[in-house]
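Read through the structure below, which is laid out as structure tokens, and then see the notes.
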DNA sequence: CCTGAATATCTACTTGTGTGTATATACACA
DNA sequence: TGTGTATATACACACAAGTAGATATTCAGG
């Protein structure tokens with residue numbers, strides 16, 4: 001049972017413009033750091049840093065290829081994200097019922113005089 | 001009808017611990033600000049601010065209910081995120097050969113972190 | 001070994017963003 | 001209309017995080 005719990009790091013890693021661009025670039029296939037930097041008009045140190053964060057989040061991984069390191073996407077965290085999203089799917093259908101429940105529940109305890 | 005393009009704001013909104021907790025709380029149904037704050041041990045102003053960011057990202061919406069505002073999730077951005085994730089689905093299959101290579105290579109150096 | 005190419009790390013700087021606190025606004029009800 | 005409740009906004013502050021630039025590291029080839 002691979003704990004497919006959604007890690008906040010994954011969202012944090014994706015929630016940065018350049019990192020998101022990197023991920024979307026790598027969707028078309030693995031690429032070495034230099035090429036990533038060039039295609040996205042980024043400086044090499046920043047590119048390495050972003051890749052490090054993406055790697056620590058489990059979104060990418062590097063394969064040594066001679067002197068270069070070819071980065072590519074890893075599926076696991078994307079799947080976790082998918083699983084997490086799935087947990088919301090039921091909400092869209094059952095929301096109104098739940099809202100109803102909540103509202104009546106709220107009415108039920110209107111006799112709790114509590115100030116703050 | 002909706003372009004369903006992934007907005008960075010959505011990821012940014014989700015990539016904050018307390019906002020993620022809010023979203024997950026709202027998965028169980030709409031709730032007024034005060035209750036969200038109480039359940040998550042947040043102060044009310046911060047809660048309102050987080051909800052504002054979530055709302056601007058299109059993730060939640062408030063319904064007036066007497067003096068209170070009941071916030072609930074909205075499906076659209078979650079679906080955009082799902083669509084975006086789907087665009088990666090094909091990557092895992094098309095990369096299967098190389099991933100396979102990678103996995104066996106990884107097994108090879110289970111206790112040799114500096115192998116090669 | 002030594003050199004050059006590719007990538008990673010380090011330091012200083014700056015800006016964005018979450019937090020705390022005080023205050024303003026909206027609404028229900030007497 | 002005045003009051004209490006619920007929520008939103010304003011402001012000052014501190015810290016996380018991205019950037020630029022310089023330097024260190026790794027590797028292939030002569």
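Residue numbers (full-length UniProt numbering), protein chains in the order written: chain V, 1 to 116; chain A, 1 to 116.
Glycine is no exception: its CB is placed at the ideal position from the N, C-alpha and C atoms.
Local Cβ density within 10 Å of residue 30/V, reported as buried at 16 or more and exposed below that: Numbered from 1 along the first chain, position 30 holds the residue referred to as residue 30/V. Residue 30/V counts as buried, since no fewer than 16 other beta carbons sit within 10 angstroms of its beta carbon.
Given this structure, state the Cα-to-Cα distance separating residue 19/A from residue 13/A, to the nearest angstrom. Taking the second chain and counting its residues from 1, one reaches residue 19/A at position 19. Taking the second chain and counting its residues from 1, one reaches residue 13/A at position 13. Taking the CA atoms as reference points, residue 19/A sits about 7 Å from residue 13/A.
Got a sec: is the Cβ-Cβ distance from residue 14/V to anything in chain A below 8 Å? Residue 14/V sits at position 14 when you count from the first residue of the first chain. True, the Cβ-Cβ gap to chain A drops below 8 Å.
I'd like the list of long-range same chain contacts for residue 77/V, defined as Cβ closer than 8 Å, with 5 residues on each side in sequence excluded. Position 77 of the first chain holds residue 77/V. So the list reads 7, 10, 57, 58, 59, once near-sequence residues are dropped.
Per the DSSP calculation, residue 73/V is bridged to which residue(s)? Here the question's residue 73/V lines up with position 73 in the first chain. 60/V, per the DSSP bridge assignment.
Assuming residue 47/V contacts residue 33/V under a Cβ cut-off of 8 Å, what Cβ separation, rounded to an integer in Å, is found between them? Taking the first residue of the first chain as position 1, residue 47/V is located at position 47. Taking the first residue of the first chain as position 1, residue 33/V is located at position 33. About 6 Å; that satisfies the 8 Å criterion.
Please classify residue 37/A: is it buried, with 16 or more other beta-carbons within 10 angstroms of its beta-carbon, or exposed? For the purposes of this step, residue 37/A is taken as the residue at position 37 of the second chain. Classification for residue 37/A: buried.
By Cβ distance below 8 Å, which residues in the same chain neighbour residue 87/V in space, the five residues on each side in sequence not counted? Here residue 87/V refers to the residue found at position 87 when the first chain is read from its first residue. Contacts found: none.
Three-state secondary structure (DSSP) at residue 31/V? Position 31 of the first chain, counted from the first residue, corresponds to residue 31/V. In the three-state DSSP reduction, residue 31/V falls in the strand class (E or B).
Going by the CB atoms, is the gap between residue 61/V and residue 74/V shorter than 8 Å? Numbered from 1 along the first chain, position 74 holds the residue referred to as residue 74/V. Numbered from 1 along the first chain, position 61 holds the residue referred to as residue 61/V. Against a cut-off of 8 Å, the Cβ pair of residue 61/V and residue 74/V comes out as a contact.
Does any residue of chain A have a CB that is nearer than 8 Å to the CB of residue 8/V? Position 8 of the first chain holds residue 8/V. True, the Cβ-Cβ gap to chain A drops below 8 Å.
Which first and last residues belong to the alpha helix (DSSP H) in which residue 13/V is found? Working through the first chain from its first residue, we reach residue 13/V at position 13. Annotation for residue 13/V: the continuous alpha helix (DSSP H) segment containing it runs 8–14.
How would you list, in chain order, the residues of chain V whose beta-carbon sits under 9 Å from the beta-carbon of residue 87/A? The residue given as residue 87/A occupies position 87 in the second chain. Within chain V, the residues whose beta carbon sits less than 9 Å from that of residue 87/A are 24, 27, listed in sequence order.
Could you name the residues of chain V that residue 91/A contacts, counting a contact when the two beta carbons are closer than 8 Å? Indexing the second chain from 1 puts residue 91/A at position 91. Per Cβ cutoff of 8 Å: 27, 73, 75.
State the Cα-Cα distance for the pair residue 91/A and residue 23/A, rounded to the nearest angstrom. Taking the first residue of the second chain as position 1, residue 91/A is located at position 91. Taking the first residue of the second chain as position 1, residue 23/A is located at position 23. One C-alpha to the other measures close to 29 Å.
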